[in-house]
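Enquirer:
Numbering (our numbering), first residue to last: 86 to 241.
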């Protein structure tokens, strides 16, 4: 029996990763923007929003994207380590660098001004750029290290 186009598309690991990533990104960004509007500093808002997304990401990537059968403590520790480097080190550096870089900040503000969205754009654009870098980082590590198939005895 021939599989439908949607079924074939969802069989692709990269497509499943993208769908999970969209879900995690929405959780992360909505929470991050809300916390920034509430007055939290960049780093605190990012740690809280990315931590919530990390938990959702772990569960969805393990079960849906990489379709793991069993997850050991080592797998969880490795997943958390890789993810934390991306969200707690790479993201704050990228967000802070974009926000602090005068010409880029002025461009973001000039783009947002006609719509009255300056505050939203100056929060959202750096976060989206940081998220894009982190998605590439995560996929490479998850696919090649964290969720790669290993002999059972090595995973214990």
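Ideal Cβ placement from N, Cα and C applies to all residues, glycine included.
Grouping DSSP H, G and I as helix and E and B as strand, with all else coil, what is residue 131?
Expert: One-based indexing of the chain shown puts residue 131 at position 46. It is helical.
Enquirer: Where in the segment 90-177 do unbroken runs of the alpha helix (DSSP H), each at least 4 residues long, occur, reported from the N-terminal end onward?
Expert: Correct list: 90-95, 98-122, 127-145, 158-169.
Enquirer: Give every residue of the same chain whose Cβ lies closer than 6 Å to the Cβ of residue 220, excluding the five residues on either side of it in the sequence, and list them in chain order.
Expert: By one-based count along the chain shown, residue 220 stands at place 135. Taken in chain order, the residues that qualify are 106.
Enquirer: What are the start and end residues of the alpha helix (DSSP H) that includes residue 225?
Expert: In the chain shown, the residue the question calls residue 225 occupies position 140. Unbroken alpha helix (DSSP H) run through residue 225: 203-226.
Enquirer: Exposed or buried, which one is residue 178 when buried takes at least 16 other CB atoms within 10 Å?
Expert: By 1-based counting over the chain shown, the position of residue 178 is 93. With fewer than 16 other Cβ atoms within 10 Å, it is exposed.
Enquirer: Three or more C-beta pairs closer than 8 Å, one from the segment 178-196 and one from the segment 161-169: is that the case here?
Expert: No, they do not touch.
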